[in-house]
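Engineer: One structure, pasted below without further comment.
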């Protein structure tokens with residue numbers, strides 16, 4: 007804490023009517039900040055007044071500032087009166103609609119740091135905010151992690167304003183609200199909470215805001231940090247908040263009665279609340295025909311089961327219950343393992359870890375090298391390991407199949423949870439075979455049954471069935487035809503349950 | 112629609128829980144019970160036993176509709192704390208005996224089917240720990256687990272049993288009414304004992320979202336289990352015969368080995384079917400641990416029932432260490448249930464409610480409304 011800040015890093019200095027005092031405070035606050043541009047001007051012809059402009063280079067729209075603001079102030083202020091100069095400058099001097107009033111030094115500094123320009127006028131203990139933000143950004147990028155065959159290819163970016171506009175384009179409803187908050191004592195990260203006020207459950211938005219404000223943190227740089235601070239079951243590997251980079255998915259979630267939380271500088275937005283079926287739903291499920299979507303969904307659920315269970319099932323069958331599978335297959339597997347020096351469990355763990363390493367290396371390396379590593383690691387090393395009889399070919403197939411299955415899950419965070427739980431099942435199966443496998447399944451199911459996302463049980467509609475009647479069941483494992491998806495999910499405001507009806511009814 | 116963590120379940124959830132409780136471990140031994148006492152007339156014992164069970168359920172639910180929720184609280188107001196504690200001991204013994212038998216029974220099946228070379232104590236210990244985790248999470252979580260597993264467990268088993276109809280030798284099932292009336296009635300009584308989970312409906316209303324004065328109808332659940340037991344008996348005895356069925360307590364598992372599934376991909380489908388059955392058994396055992404802890408907590412007037420879970424699990428484990436053959440254990444357990452366990456489940460609530468009516472004690476819900 008220093009003389010100008012309190013313990014929460016809020017600026018405590020008071021704004022003054024004396025411009026020089028205000029300049030001294032701002033100079034002291036922004037000492038050794040070479041990117042902060044300050045300019046003192048004297049404007050007016052017969053009645054002159056001193057003004058002070060301050061902004062951060064690289065964060066403002068220089069054209070707006072130079073052409074529409076400074077030029078106007080220098081050349082068009084001849085009729086500046088002797089009193090009410092503040093109001094005159096605000097109305098005549100600034101050729102932009104987006105201006106605001108700042109009454110405290112804390113607000114002034116925050117405005118500057120957010121990329122807007124602040125104008126102080128001698129004789130007034132308030133300042134004018136000129137909205138001039140222009141961050142360097144990559145525009146609206148193409149989606150990389152949630153790719154669809156049919157549907158929009160747009161993705162959220164790091165700029166909050168762009169992200170908000172992507173939602174606004176899709177939902178043109180006056181009831182779509184945008185609630186701004188700031189998180190981070192030092193980062194002061196802008197967060198927007200978007201929801202439709204008559205669709206969202208009562209109290210949910212306040213609960214989310216309270217959860218966000220529960221912690222006093224230095225800085226938030228991604229929505230993932232916020233997600234971890236708002237979860238109630240922090241120990242669970244399963245995400246209790248859904249994240250997405252797709253604007254259409256976020257818009258769809260808002261229309262279901264959910265709340266979207268956007269974090270500045272993060273291309274992933276958070277969707278509150280969530281259930282397990284949300285993680286198996288992809289955007290193009292709703293753009294394609296219902297039969298195709300249903301088949302794809304069923305495949306995803308089966309793949310999810312394989313992703314978590316296949317290696318453990320293989321271990322239990324080979325080590326403890328080989329009589330479960332047909333004898334020719336057992337002999338085939340045994341022949342494939344002939345000469346391998348390691349036990350099945352070691353083989354599985356080594357290959358799983360190897361795959362994790364290749365996967366992690368592929369993410370960290372730049373584009374072209376990443377795919378090369380994938381090919382080198384997957385094909386050549388795997389092939390070589392089999393040829394050297396270090397692992398059996400069947401293990402390579404098992405691990406590869408498991409990986410492919412985990413990649414079919416649309417939500418990456420949810421798929422990550424499966425990776426962790428897979429090891430639990432592997433360990434239990436290694437010691438207790440099929441019995442251990444079942445124990446692991448029981449532990450995971452019990453854990454999932456106890457999870458909630460902002461009061462909504464995770465396993466809806468598979469559990470707590472009577473709550474939601476038909477709405478979630480029609481869009482869970484199977485996707486009913488679009489005309490049959492008439493109701494919003496259980497977590498929406500129950501007074502606005504119907505989302506689709508025939509025009510004349 | 113926010114669901115609070117208040118340990119409350121819905122009527123639909125409680126019905127599914129009842130089906131699971133009646134089917135999980137009792138289902139495995141019903142064919143043995145019926146065939147052992149009445150041979151081929153086991154079909155009749157199951158039908159009569161199910162009818163008895165429905166009547167039993169009506170009595171229990173009638174009594175619980177007078178109590179309207181907290182059984183222990185009502186009992187303490189009706190007969191006093193000392194007598195409630197005395198009655199609690201009967202429930203404690205019954206639940207604990209059922210827990211020990213269930214654990215030993217499932218442990219024996221697991222050892223026989225899955226883990227021949229593994230130490231029995233390890234199987235039991237891990238079984239108890241896993242079930243205690245589910246009990247620890249509360250009745251709400253247990254209900255959701257059952258809802259999640261409900262169709263996953265029941266549908267494949269029923270399909271397998273229906274496939275087993277093809278292998279039935281009618282000579283194993285007919286003619287019927289060849290046993291004496293005494294055997295049939297005795298068999299029906301033993302089948303009725305398999306439905307003893309119904310007596311927990313004296314306690315379950317405390318966990319229902321809306322414990323109303325009106326009778327809660329669970330007859331369809333009992334009827335469904337009755338039909339299931341009938342199918343199970345027909346397939347088991349039809350395939351193995353009476354002698355084959357009475358050779359082992361879990362003859363049902365044996366018959367699952369014999370049924371051929373189309374495709375033939377899985378050679379030992381009894382392993383797969385038993386694993387599904389095992390999932391149901393986990394919930395049953397966790398139910399017993401939960402109620403033991405819950406009742407003890409209520410009687411002692413403590414805040415959290417979770418503190419009692421581990422002690423009961425440890426004691427149950429120590430008791431199962433006693434080297435006793437499962438068939439002998441079953442015999443002792445059967446006699447206990449027949450002469451003490453089942454009669455007490457009617458007598459104790461009748462005494463409590465009768466005294467409560469005489470003393471004009473109101474039900475728990477009525478008492479709350481008055482307050």
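Protein chains in written order, with the working numbering: chain X, 7 to 511; chain U, 112 to 482.
All C-beta atoms, glycine included, are put in the ideal place defined by N, C-alpha and C.
1) Tell me whether residue 106 (chain X) sits in a helix, a strand or coil according to DSSP, three-state version.
2) Could you pull the start and end residues of the alpha helix (DSSP H) that residue 447 (chain X) belongs to?
3) Can you have a look at residue 350 (chain X) and say buried or exposed, based on whether 16 or more other CB atoms are within 10 angstroms of its CB?
4) Check the Cβ of residue 234 (chain U) against every Cβ in chain X and list those closer than 9 Å, keeping chain order.
5) Under 9 Å between beta-carbons, which chain X residues line up against residue 259 (chain U)? List them in chain order, please.
6) Mind checking the stretch 331-357 of chain X against chain U and listing, in chain order, the residues whose C-beta falls within less than 8 Å of any C-beta there?
7) By the criterion of Cβ-Cβ separation under 8 Å, what are the contact partners of residue 248 (chain U) in chain X?
8) Give the single residue among X:344, X:337 and X:320 whose Cα lies nearest to the Cα of residue 395 (chain X).
9) Report the partner residues of residue 59 (chain X) according to the DSSP bridge assignment.
10) Starting from residue 500 (chain X), trace the beta strand (DSSP E) in both directions and tell me its first and last residue.
11) If I measure Cβ to Cβ from residue 453 (chain U) and keep anything under 7 Å in the same chain, skipping five residues before and after, which residues do I get?
12) On the CB-based measure, 16 or more other CB atoms within 10 Å of its CB, does residue 177 (chain U) come out buried or exposed?
13) Roughly how many angstroms lie between the CA atoms of residue 500 (chain X) and residue 437 (chain X), to the nearest whole one?
14) Who are the neighbours of residue 404 (chain U) on chain X, taking C-beta pairs under 9 Å?
15) Hey, would you say residue 457 (chain X) sits closer than 8 Å to residue 244 (chain X), going by beta carbons?
16) In terms of alpha-carbon separation, which member of U:457, U:267, U:193 and U:445 lies closest to residue 382 (chain U)?
17) Look at the Cβ atom of residue 277 (chain X), then the Cβ atom of residue 266 (chain X), and state whether they are nearer than 8 Å.
18) Looking only at C-alpha atoms, which of U:421, U:456 and U:302 sits nearest to residue 140 (chain U)?
19) So, is the C-beta of residue 160 (chain X) closer than 8 Å to a C-beta in chain U?
20) Is the beta carbon of residue 14 (chain X) sitting closer than 8 Å to the one on residue 41 (chain X)?
21) Counting pairs of beta carbons, one from the stretch 154-169 of chain X and one from the stretch 239-256 of chain X, are three or more of them closer than 8 Å?
22) Quick check: what's the CA-CA separation for residue 132 (chain X) versus residue 117 (chain X)?
23) At least one CB of chain U closer than 8 Å to the CB of residue 244 (chain X): is that the case?
24) Could you work out which residues of chain X lie near residue 221 (chain U), taking near to mean beta carbons separated by less than 8 Å?
25) Give a yes or no on whether the minimum CB-CB distance between residue 329 (chain X) and chain U is below 8 Å.
26) Where does the unbroken beta strand (DSSP E) through residue 269 (chain X) begin, and where does it stop?
27) By Cβ distance below 6 Å, which residues in the same chain neighbour residue 92 (chain X) in space, the five residues on each side in sequence not counted?
28) Looking at chain U, is there any beta carbon in it that lies within less than 8 Å of the beta carbon of residue 111 (chain X)?
29) Could you give the uninterrupted runs of the alpha helix (DSSP H) lying entirely in the stretch 149-229 of chain U, keeping only those of 4 residues or more?
30) Buried or exposed: which applies to residue 414 (chain U), given that a residue is buried once 16 or more other Cβ atoms fall within 10 Å of its Cβ?
31) Considering only residues of the same chain and omitting the five flanking positions on each side of residue 437 (chain U), which have a CB-CB separation below 8 Å?
32) Ignore the nearest five residues each way along the sequence and tell me which others in residue 229 (chain X)'s own chain have a CB closer than 8 Å to its CB.
33) Starting from residue 246 (chain X), follow the beta strand (DSSP E) in both directions and report where the run begins and ends.
34) Mapping DSSP to helix, strand and coil, what is residue 496 (chain X)?
35) In chain U, which residues lie less than 9 Å from residue 420 (chain X) when you measure between Cβ atoms?
36) Could you confirm whether any beta carbon from chain U is found closer than 8 Å to the beta carbon of residue 319 (chain X)?
Structural biologist: Straight from the coordinates:
1) Residue state, collapsed to three classes: strand.
2) 418-456
3) Buried, because 16 or more other Cβ atoms sit within 10 Å of the Cβ of residue 350 (chain X).
4) 438 and 441
5) The contacting residues are 451, 454, 455, 465, 468 and 469.
6) 331, 332 and 333
7) Chain X residues near residue 248 (chain U): 452, 455 and 456.
8) X:344
9) X:45 and X:125
10) Premise fails: residue 500 (chain X) is in no beta strand (DSSP E) and is neither H nor E.
11) Hits under 7 Å: 304 and 307.
12) buried
13) 48 Å
14) Result: empty, since nearest Cβ-Cβ is about 16 Å, beyond 9 Å.
15) yes
16) For the residues U:457, U:267, U:193 and U:445, the minimum Cα distance to residue 382 (chain U) belongs to U:267.
17) Yes, these two residues count as a Cβ contact at 8 Å.
18) U:302
19) no
20) no
21) yes
22) One C-alpha to the other measures close to 13 Å.
23) With a threshold of 8 Å between beta carbons, residue 244 (chain X) makes no contact with chain U.
24) Listed along chain X are 441, each with a C-beta nearer than 8 Å to that of residue 221 (chain U).
25) yes
26) 265-269
27) 127 and 130
28) no
29) Listed in chain order, the complete alpha helix (DSSP H) runs (minimum 4 residues) inside the stretch 149-229 of chain U are 153-178, 182-190 and 192-224.
30) By the Cβ neighbour-count rule, residue 414 (chain U) is exposed, with fewer than 16 other Cβ atoms within 10 Å of its own.
31) 215, 216, 219 and 360
32) 249, 267, 268, 269, 272, 274, 275 and 276
33) The continuous stretches of beta strand (DSSP E) do not include residue 246 (chain X), and DSSP gives it neither H nor E.
34) coil
35) The contacting residues do not exist; residue 420 (chain X) stays about 17 Å from chain U at best.
36) no
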